[in-house]
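A short write-up of the structure that comes next.
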Amino acid sequence: GKGEYEHFMRKEIDAQPEALRGTLAGRVDGDDVDLDTLPDGTFEEIDHVHLVACGTSYHAALAASRQLVRAGLPATAYRASEYHDLQPVDESTLVVAVTQSGETADTLSALRRAHEADARTVAVTNVVGSTVSREADDTLYIRAGPEIGVAATKTFTSQVVALSLLTHRVASDSAAATVREDAAEFLAALEALPEAVEDLLATTEARSVSDAHIGRDAHFFIGRDFEYPVALEGALKFKEITYEHAEGFASGELKHGPLALVTPETTLYALLTGDRGEETLKNAEEAKARGVNVVAVAPEGMAVGGVADEVLRVPDTHPDVVGLLANVQLQLVSYYTAHGLGRSIDKPRNLAKSVTVE
Ligand code: F6R
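The opening position of the sequence shown corresponds to residue 251 in UniProt numbering, with each subsequent residue numbered one higher.
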């Protein structure tokens, strides 16, 4: 049940440290990763990767594709409904189906197409015994615990972490890839993530920031690098539960069109964490000059004074991991905005927890 919580979504946001402990348990060992269902050598023959997913799971897949590319493997995340016979697939292709429920029709149909073409397939899912787990060659469970709210929260965070571990396994096995030089630091940051999320959840700024921007015409989210999928995810969550106009953009794309939408009635959430946060700060400044209201989601110690109207701080950690903490701030902003507007947070209109038709 919801316990003392008013909504499952809020409970599930708070459950992220525990969900992450479940995702990580027994799987990290120093600078190596131990995935019992995927032993060493599983991916020796793989030289490129496709990830297929929908909605929030697609954003997790997009984050993972970046990690794989950094490991030297060509990797592309596809929206499952757009994965068709344009992409050549064979035995050297690893196709990763990312789906919380394991029942999403578009994702299952992409997986079936991959199988027909003899790809190696892995399911990354939360639901034991789900259709995807029965159909894929192998399954990596994210072990986040059941998620009741329609809006995916803890499962997004756990998916990104599980996919990070999978990336490590693939990079270790594949002759075409190299394991990141800072593997020990990166994995240590993942292991420290439950505590970092706890620290963040003890802060309270997200509520007042939400209140300050309720009723704006539009809410835009920008980020680059690992923060780009976070911007997309922030906007999806926001529109899903607030019913307000929200869009996520790559920071660098603002001036190629979206800036035309910016007015003093717009709020821009600028994701300033990660290696390229300073560049996004410049993009936020450009929008600020056109009158936009800026909420900075920024690491401790970053000076944002001239640009940001409000700041949501994020604890310091590895630059490729910190975006997950920024995302927790955005989950809270969406939740409090939807709450302020009196929306049906756990069951938004027109949406279902699992979409079993194509
Ligand atoms: C967003 C959301 C949806 C799902 C999408 C895929 O909060 O919940 O966008 O992420 O329908 O669902 P799964 O992951 O079950 O395949």
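Where a beta carbon is used, it is the ideal one built from N, C-alpha and C, also for glycine. All figures in this text were calculated on a predicted structure; none of them were measured in a lab.
Can you tell me whether Leu582 is buried or exposed, with buried defined as 16 or more other CB within 10 angstroms of its CB? buried
Distance between Pro508 and Glu484 (C-alpha atoms, nearest Å): Going by the sequence as given, residue 484 is Gly instead of Glu. Spanning the two alpha carbons is a distance of roughly 17 Å.
Local Cβ density within 10 Å of Arg370, reported as buried at 16 or more and exposed below that: buried
Identified DSSP bridge partners for Asp282: BP columns for Asp282 point to Asp279.
Does residue 246 come out as helix, strand or coil in the three-state DSSP assignment? Nothing can be reported for residue 246, as the shown portion of the chain is limited to 251 through 608.
Excluding the 5 residues flanking Glu529 on each side, which residues of the same chain have their C-beta closer than 7 Å to its C-beta? A distance below 7 Å between beta-carbons, with the five flanking residues on each side excluded, links Glu529 to the following residues of its chain, in chain order: Arg474 and Ser501.
So, for Ser383: in the same chain, excluding its five sequence neighbours on each side, which residues have a beta-carbon less than 7 Å away from its beta-carbon? Gly352, Ala373, Thr375 and Thr389
Any chance the segment 314-332 sits against the segment 452-464, with 3 or more Cβ pairs inside 8 Å? no
Cβ of Ala402 within 7 Å of any heavy atom in the ligand F6R? Yes; taking the cut-off as 7 Å, the Cβ of Ala402 has a heavy atom of the ligand F6R nearer than that.
Out of Leu415, Gly322, Pro338 and Asp335, which has the shortest C-alpha to C-alpha gap to Ala310? Leu415
Arg370, enclosing beta strand (DSSP E) - first and last residue: Note, Arg370: beta strand (DSSP E), Arg370 to Thr375.
Is there at least one non-hydrogen atom of the ligand F6R closer than 7 Å to the beta-carbon of Gly484? no
Flag this pair as touching only if the segment 566-573 and the segment 535-543 have three or more C-beta atom pairs under 8 Å; answer yes or no. No: fewer than three Cβ pairs fall under 8 Å.
Please report the Cβ distance between Val547 and Ala588, rounded to the nearest whole angstrom; I am assuming they are in contact, meaning their Cβ atoms lie under 8 Å. Wrong, their Cβ atoms sit about 18 Å apart, outside the cutoff.
Which residue or residues does DSSP assign as beta-bridge partners of Ile472? Phe499 and Ala520
Measuring only the C-alpha atoms, how far is Glu435 from Asp281? 8 Å
Measuring alpha carbon to alpha carbon, tell me which of Val411, His418 and Asp525 ends up nearest Ala433. Out of Val411, His418 and Asp525, the CA that lies nearest to the CA of Ala433 is found in His418.
When the distance is taken between beta carbons, is Leu344 closer than 8 Å to Ile392? no
Report the residue from Asp596, Val411, His469 and Leu443 whose alpha carbon sits nearest the alpha carbon of Ala313. Val411
The segment 484-493 contacting the segment 509-516, beta-carbon criterion three pairs below 8 Å: no
If we ignore side chains and look at the alpha-carbon of each, how far apart do Glu497 and Tyr308 end up? For Glu497 and Tyr308, the distance between alpha carbons rounds to 16 Å.
Using only alpha-carbon positions, find the residue among Leu562, Gly573 and Leu440 that is nearest to Arg271. Leu440
Could you pull the DSSP bridge partners for Glu435 from this structure? Beta-bridge pairing links Glu435 to no other residue.
Locate the alpha helix (DSSP H) running through Arg260, then write down its first and last residues. From DSSP, the alpha helix (DSSP H) with Arg260 extends over Phe258 to Asp264.
Quick one: using the 10 Å Cβ neighbour count with 16 as the cut-off for buried, is Asp335 buried or exposed? By the beta-carbon neighbour count (other beta carbons within 10 angstroms, threshold 16), Asp335 is exposed.
Bounding residues of the alpha helix (DSSP H) (the contiguous stretch that carries Gly490): What sits at residue 490 in the sequence shown is Glu, not Gly. Start and end: Glu477 to Thr492.
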